[in-house]
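Quick note: the sequence shown uses UniProt numbering, first residue 1, plus one each step. Here a beta-carbon is modelled for each residue, glycine too, at the ideal position from N, C-alpha and C.
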Amino acid sequence: MKRGGRLANQDDVVQTIAGSHRGGRLKIYVGAAPGVGKTYTMMRQAKDLKNQGVDVVVGYYQFHNLHNRSETLALMAGLEVIPPRLIEFRGHRFEEVDVQAIKRRKPDVAVIDELAHSNVPGSERAKRYMDVEDVLDSGIDVMTAVNIQHLESVAEEAGAIIGIPVREIVPKAFLDRADEWELIDVTPETIRRRLADGLIYPPEQVESALTHYFRYENLSALRELALREVAQEVDERLLATHDRRRIPGPVGARENVLVCVHFVDRAEQLIRIGARMAERMSGDLVVLTVMPSSQLEDGREESATVRTCKMLAQQYNARFVAEPLNDRVLGAAIADVAQRFNVTQIVIGQPRPRQRWRRLVEGDPVAYLLRHLQFTDLRIVGWRERQA
């Protein structure tokens, strides 16, 4: 399968490292909203696989809910479709995934749309992602699609954006099983144009949709959410599985800010600067103080400096690290922590003018960081003496 960057368009793929679980492989197509092209892209790639000799079937697709999606139907020509399981409920007939029929057919790949769907009462399982799990456990690969608001990690935030609680949620435990993610990304203008052209909903639903769920502000926020979440998912997989020794600097798309503090009277200024940077970049904040090893020995009471810096870090929702100096120069201790936390930005204060002589004895941490962390940005904050 193709590889691509983190800010993918419809032809780009965000690929994670393959998981170690047993069973079939899982690929998830993620989009900000209906109409971005998730199902179209999924069917196009399924057709490509079939043309390459892979045994592909359509395990579920909502044919009765199509509206002006002739291009998607055309892509499906020649793909075998497993008939859905029909379930009677309260006088109506509903279609659900026929998991047993898919397992009997034993294809290489099954395409199962609408991952977040809740099955009608009387189905074998309550949720469609559970159907997908069963298919995967039988050794069949699955391609599926979902909108960003249904992912457990962002469902609450997405609900606040669209103004409606999200009730159909795919749990993180299932999403962690995915071997590959593909982000289908188009602009809010494109989605609204497709809606206005009748390519997503019937004409009688367009005006209401444009002024509610499909408002420009909603789509922009959901798009940012999708980009951020998929990038973070890839980062987590990369950090967990990649051989860091082969990478000279930070890996992944997420920005992480490290603030180095020592003097209490300056700590809040530096932490505040770092917190603003982390907030702008939707990154994590780490506050570091390096202390002589003797001051951090087990059983010794924390110094006033450590207690104050820890309290300030908590105020800004930052992780606090008190690092023993051991046998390192100060710059090396900072660099080690930066690498440990995959830091992309370091905030450090300029030494006080009257203490610059210490650099001759202890080594200049700024010079050390510039030499040894070529792929990490360094922000040096000037010292301003308080006026009496």
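Using the beta-carbon count (16 or more within 10 Å), is residue i buried or exposed?
| i | result |
| --- | --- |
| Met311 | exposed |
| Phe174 | buried |
| Asp98 | buried |
| Thr211 | exposed |
| Ser123 | buried |
| Arg177 | buried |
| Glu182 | buried |
| His150 | buried |
| Glu114 | buried |
| Leu73 | exposed |
| Pro165 | exposed |
For the putative contact between residue i and residue j, defined by C-beta atoms under 8 Å, what is the C-beta separation to the nearest angstrom?
| i | j | result |
| --- | --- | --- |
| Val142 | Ile112 | 6 Å |
| Val306 | Ala322 | 5 Å |
| Gly31 | Ile148 | 7 Å |
| Gln345 | Val257 | 5 Å |
| Met281 | Leu325 | At roughly 29 Å, the Cβ-Cβ gap does not stay under 8 Å, so Met281 and Leu325 are not in contact. |
| Val264 | Gly37 | That pair is no contact at about 54 Å. |
| Ala54 | Val81 | Checking the sequence, you will find Val at residue 54 rather than Ala. Not a contact, Cβ separation roughly 16 Å. |
| Gly283 | Asp137 | Between Asp137 and Gly283 the Cβ distance is about 37 Å, and since that is not below 8 Å, they are no contact. |
| Arg223 | Pro188 | 6 Å |
Distance, Cα to Cα, residue i vs residue j?
| i | j | result |
| --- | --- | --- |
| Thr190 | Asp197 | 10 Å |
| Val287 | Ile380 | 15 Å |
| Arg25 | Val109 | 9 Å |
| Arg276 | Ile87 | 54 Å |
| Glu95 | Pro84 | 6 Å |
| Gly331 | Ile140 | 52 Å |
| Asn218 | Val170 | 21 Å |
| Ser220 | Tyr61 | 28 Å |
| Glu71 | Lys47 | 13 Å |
| Leu370 | Ile271 | 21 Å |
| Val259 | Gly274 | 6 Å |
| Arg44 | Leu75 | 6 Å |
| Gln52 | Gln205 | 40 Å |
| Ala267 | Val132 | 51 Å |
| Ala333 | Arg194 | 54 Å |
| Pro203 | Arg254 | 41 Å |
| His117 | Met130 | 10 Å |
What does DSSP give as the partner residues of residue i in its beta bridges?
| i | result |
| --- | --- |
| Lys127 | Ser118 |
| Cys260 | Leu288 and Ile348 |
| Glu229 | BP columns for Glu229 are empty, so no partner. |
| Val381 | Gly349 |
| Phe94 | Ile87 |
| Tyr29 | Ala145 and Glu182 |
| Tyr201 | According to DSSP, Tyr201 bridges with nothing at all. |
Going by C-alpha to C-alpha distance, which of the options sits closest to residue i?
| i | options | result |
| --- | --- | --- |
| Phe320 | Leu330, Val329, Thr308 and Asp327 | Thr308 |
| Arg90 | Met281, Val81 and Val120 | Val120 |
| Ser153 | Lys172, Arg223 and Ala160 | Lys172 |
| Val343 | Leu285, Ala333 and Val329 | Leu285 |
| Ala33 | Leu373, Gly382 and Ala209 | Ala209 |
| Leu373 | Pro351, Asp364 and Asp336 | Asp336 |
| Arg192 | Arg215, Asn317 and Arg125 | Arg215 |
| Gly35 | Pro351, Gly382 and Ala145 | Ala145 |
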